[in-house]
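S.K.: Okay, here's the structure, questions in a sec.
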């Protein structure tokens, strides 16, 4: 009859295991306002109903990373309560907008397992999916996470590594969310830079900086009902190598996206996250800056939006954004870098090229 | 014509005195989202409309302690602005759910008065009641509080102590709020522990911990429009024996209830608080943990819910929840304990026993 | 194709230049709840729908300074991103109530320019206007701000100083917002002090105090989507004479108004701000207090409200509100003073005098 909940350890997972994560969460305008207060987001589509309507939506959708962080938070009690570290993301896709009053339910399936050589932990791969109250998938993603074993001696099966796409395929991006009315975005933002104005290789140094506070990041992480101890329990963290509470990586992503508003004013939303690493921990008192490089431009024929694949790098405690370094995969990461994200975003096009009949 | 508001002192109260506290407050989904961000609550009934509907409610009700803390806050300017300490609670009952858009108005009546021997303060007993916009009582409670005298020489009447119930009678619990649909809670929470799975004497050590920040607790206390100076005025507190801002006791209660989710996943709501003591002050930087003991199981024949009477103990700065001590009434309180609460909660039953006709 | 946004410098402004500031913002009950949590506001009209209805409104309007701070925030990226200091306000008028779901769009026009003698900066005067989704002006104001030059050698035109009113004319106050039902305010607040109970020269020492936290003020400032670096970038501020993040002056105004509830319980809303100075910077850890002096009583014949012109002085780190000094214009400001605001507020009248026919 024990009710001492200790979460799942590595040996508790098995391939094909499915979780219906507790407990569904209705998102609404209250969460969107809190998200603005927590991150400083100015994303046009999510700031005003009039803007959302001008862009072809019935009303303001809930912002992409608020949806992601909420859905991610749901998976923590089952998947990563005993995690050593969150190692990576793949195949993340935003599939449908979420509106005020929509309820997210999140499920996960174990798609890979690999015990570490030291037998004290292992890597769990899960594919997760958030559905709204109509059963429609609004967000899907894969993550892998290193999880402690309860008992190093416990027997674990042979390693199974999932086959993961290096990036979300262009034809899997949910472009159909956007109609031709998105062309009016520059009238709202006052900025003329649209899809065609970005070039592969271009780097944008976002000018603003944001210093994090313990209360901010713990408010955000509680809003997402994420229960990972590292973000909340300063006493236990004081006895860890970190020495203090760790800022939830999803909050760092949200801050970086908000900083990137200046330079991507007409960005409509994130379509996909192909991969991402929390390169180093972030703590209260750290000041974040963000720079972005355009990696690929995808001009979907006939579509009102184009997609930009971006490398977004967040760094802490650099004096100027220009000091952020984009290291090559062969290089060691820059010691200031905290986030290295590979994502694709939607921007309105100036001209919609159509195939000749 | 003086408008230097100084609040009521002990000699300003008289038996039977009634207060219609300023100013009514409409609660809504915004407050519920903020409450989640402030406390980390994951209570299933309050997290999603779909869940609330599955459990037989039209939509998410506002969480019990958010209602209590809001109603309590309303009484502060009239009752406890000049309080030395809040001494106790009794006969607290949640009577009706509060929904998005409902407005609470709060009234109190002085039901007891006892000057202290030193004549510098006295204890005021008040019975308070929160009603919604339809005039229906949603919450009632008694509290007693030690209040400074303005003038030690002021004459005060004979002591009158109210007759208070040692606990809320079982037949006074508002079980009718819950219908048979609550039986579906385990399908949402993924946890099978229901009323029948808890046994008298069982102790549950809730695994999580929460470090408090000054901004968190002052945001919460302002949300409740509670004006007690001890929570906000660090300069005055620096000159007091406390030396710093005191965390509002109702925030400590909310944090403990949120921590208790793990082990009481199917808890529907608090029905009553029979008594409670803020054993020691809590400050920003303290890390809270919570353990609960089952004191009594009340199986209401024919009802879809059972009631568990619990002793919930919150402690600060213990290394593990297992270190929390449940002291006997004859013992001095453990120096780590901050909250010792005697409450009754509702859980769905596995089987509804009905009387034979 | 550069997208390194650096904001406007003094030489980028020209007389008559117009800005449609990005991006419109829908305000709602979520923002109002957050505002209560951030400031401790208890203003009766904004706390409950039942109160708003009793006072003749369809529902709770959004609080005046929440509207102002949101509208002000919109102007920052275009006007004051490179500001040295915000120097003053004039002619601020609240013209129409803003309700849940209303969207504010903000425009500004440059009405004055004056380069400083040192040629490194200049003063920009802008008239700004916030309109709702129906195109109706809800708020208008003038501010002037000292802005850096990008290039000290850049040629600037002749100085042009706008002609500004010393105060908003009484007949320009939007009294028509209030109907006779406002007379019921004392029934809600429990306080009988109405327009007629205030006298010119009367001083009110508001008893409460509020200590600011870094998280509070940065949450508030982000909620307003205000991007001024001084409030967010602790690393850059550490290298400035301020040494730390500066609290946004609009947050100080909001805190002072909330503190002034005790003594102005029946205050309905701010009608106008004639002028105001942020006399000294405020930082996290400072404790604010507020005192108010009645400067003028305007009894509009036949109107259900009277207007009080007030001098509201906010001070930091004084032991008691009574220590706040109201210095004369010829005196140097008291070193504790942070805010000196000249505003007019509406209060219900006890008796509506009507002209004899």
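Protein chains in written order, with this note's numbering: chain A, 863 to 1219; chain B, 863 to 1219; chain C, 863 to 1219. No residue lacks a Cβ here, since even glycine has one placed at the ideal position from N, Cα and C.
By DSSP's criteria, residue 1134 of chain A is part of a beta bridge. Which residues make up the other side?
M.R.: Its beta-bridge partners are A/955 and A/1206.
S.K.: With a threshold of 9 Å between beta carbons, is residue 1094 of chain C in contact with chain B?
M.R.: No, because no Cβ of chain B sits closer than 9 Å to the Cβ of residue 1094 of chain C.
S.K.: Mind pulling the beta strand (DSSP E) runs of 3 or more residues that sit fully within the segment 1125 to 1170 of chain C?
M.R.: Counting whole runs of 3 or more residues, the segment 1125 to 1170 of chain C contains the beta strand (DSSP E) stretches 1131 to 1140 and 1149 to 1160.
S.K.: According to DSSP, is residue 880 of chain A helix, strand or coil?
M.R.: Three-state DSSP puts residue 880 of chain A in a strand.
S.K.: According to the neighbour-count rule (16 or more other Cβ atoms, all chains shown, within 10 Å of its Cβ), is residue 1164 of chain C buried or exposed?
M.R.: Exposed: under 16 other Cβ atoms inside 10 Å.
S.K.: Of all the options B/1182, B/1181, B/1201 and B/1208, which has the alpha carbon lying nearest to the alpha carbon of residue 1189 of chain B?
M.R.: Per the Cα distances, B/1201.
S.K.: Apply the 10 Å Cβ neighbour rule to residue 1105 of chain B and answer buried if 16 or more other Cβ atoms are within range, or exposed otherwise.
M.R.: Classification of residue 1105 of chain B: exposed, given that the 10 Å Cβ count is below 16.
S.K.: Run through chain C and tell me which residues come within less than 7 Å of residue 965 of chain B, C-beta to C-beta.
M.R.: Those are 910, 911 and 912, listed as they occur along chain C.
S.K.: How long is the line joining the alpha carbons of residue 938 of chain B and residue 1088 of chain B, rounded to whole angstroms?
M.R.: When rounded, the distance between both Cα atoms is 6 Å.
S.K.: Only counting runs of 3 or more residues, tell me where the beta strand (DSSP E) segments fall wholly within the segment 1014 to 1070 of chain B, in order along the chain.
M.R.: 1065 to 1067, all fully within the segment 1014 to 1070 of chain B.
S.K.: Cα-Cα, which of B/894, B/936 and B/1044 is closest to residue 1166 of chain B?
M.R.: For the residues B/894, B/936 and B/1044, the minimum Cα distance to residue 1166 of chain B belongs to B/1044.
S.K.: Taking only three categories from DSSP, how would you classify residue 1197 of chain C?
M.R.: The answer is coil: DSSP assigns residue 1197 of chain C none of H, G, I, E or B.
S.K.: Given that a residue counts as buried once 16 or more other Cβ atoms are within 10 Å of its Cβ, and exposed if not, what is residue 1056 of chain A?
M.R.: When all chains shown are included, residue 1056 of chain A counts as buried.
S.K.: Closest Cβ-Cβ distance between residue 1047 of chain A and chain B: below 9 Å?
M.R.: Chain B, which has no Cβ nearer than 9 Å to the Cβ of residue 1047 of chain A, makes this no.
S.K.: Which chain C residues sit within Cβ distance under 7 Å of residue 1076 of chain B?
M.R.: 1075, listed in chain order.
S.K.: Just to confirm, is the Cβ distance from residue 973 of chain C to residue 877 of chain C under 9 Å?
M.R.: Yes, the Cβ-Cβ distance between residue 973 of chain C and residue 877 of chain C is below 9 Å.
S.K.: Using the C-alpha atoms, what's the distance from residue 908 of chain C back to residue 1010 of chain B?
M.R.: Looking at the two C-alpha atoms, the distance is approximately 32 Å.
S.K.: Excluding the 5 residues preceding and the 5 following residue 1154 of chain A in the sequence, name in chain order all residues of the same chain whose CB lies nearer than 8 Å to its CB.
M.R.: The residues are 1065, 1066, 1068, 1122, 1125, 1126, 1172, 1173, 1174 and 1175.
S.K.: Would you mind reading off the limits of the alpha helix (DSSP H) that contains residue 973 of chain A?
M.R.: No alpha helix (DSSP H) holds residue 973 of chain A; the beta strand (DSSP E) holding it covers 965 to 977.
S.K.: Within 9 Å (strictly less), CB to CB, does residue 1167 of chain C reach chain B?
M.R.: Cβ-Cβ to chain B under 9 Å: no for residue 1167 of chain C.
S.K.: Going by Cα to Cα distance, which pick from B/953, B/1212, B/1196 and B/896 is closest to residue 1161 of chain B?
M.R.: It is B/1212.
S.K.: In angstroms, rounded to a whole number, what distance separates the CA positions of residue 1116 of chain B and residue 919 of chain B?
M.R.: Spanning the two alpha carbons is a distance of roughly 23 Å.
S.K.: Can you look up residue 1113 of chain B in the DSSP assignment and give me helix, strand or coil?
M.R.: Here residue 1113 of chain B sits in helix by DSSP.
S.K.: Is the beta carbon of residue 1139 of chain B closer than 9 Å to that of residue 1203 of chain B?
M.R.: Contact flag set, yes.
S.K.: For residue 961 of chain A, list the residues DSSP reports as bridge partners.
M.R.: Paired residues: A/923.
S.K.: I'd like to know if residue 1082 of chain C contacts chain A, where contact means its C-beta is closer than 9 Å to some C-beta of that chain.
M.R.: Residue 1082 of chain C counts as touching chain A.
S.K.: With the cut-off set at 9 Å, would you say residue 1080 of chain C and residue 916 of chain C are in Cβ contact?
M.R.: Contact: no.
S.K.: Leaving out the 5 sequence neighbours to the left and right, which residues in its chain are closer than 6 Å to residue 944 of chain A when beta-carbon positions are compared?
M.R.: Counting only Cβ-Cβ distances below 6 Å, and skipping sequence neighbours, we find 869, 871, 1009 and 1010.
S.K.: Using the beta-carbon of each residue, which ones in chain A are nearer than 8 Å to residue 896 of chain C?
M.R.: 895, 896 and 899, listed in chain order.
S.K.: Do the CB positions of residue 1006 of chain B and residue 1135 of chain B come within less than 9 Å of each other?
M.R.: Against a cut-off of 9 Å, the Cβ pair of residue 1135 of chain B and residue 1006 of chain B comes out as no contact.
S.K.: Within the continuous alpha helix (DSSP H) that includes residue 908 of chain B, where are the two ends?
M.R.: Here the alpha helix (DSSP H) through residue 908 of chain B covers 906 to 909.
S.K.: To the nearest angstrom, how far is the alpha carbon of residue 1184 of chain A from that of residue 1158 of chain A?
M.R.: Their backbone Cα atoms lie some 21 Å apart in a straight line.
S.K.: Spatial neighbours of residue 921 of chain A within its chain, please: C-beta separation below 8 Å, excluding the five flanking residues on both sides.
M.R.: Hits under 8 Å: 911, 914, 915, 961 and 962.
S.K.: Which chain C residues sit within Cβ distance under 8 Å of residue 1125 of chain A?
M.R.: Near residue 1125 of chain A (Cβ distances below 8 Å), the residues of chain C are 865, 866 and 867.
S.K.: Got a sec, what are the start and stop residues for the beta strand (DSSP E) residue 1252 of chain C sits in?
M.R.: Nothing can be reported for residue 1252 of chain C: it is not among the residues displayed for chain C, which extend from 863 to 1219.
S.K.: Residue 955 of chain C to residue 993 of chain C, Cα distance in whole Å?
M.R.: Cα to Cα, residue 955 of chain C sits roughly 13 Å from residue 993 of chain C.
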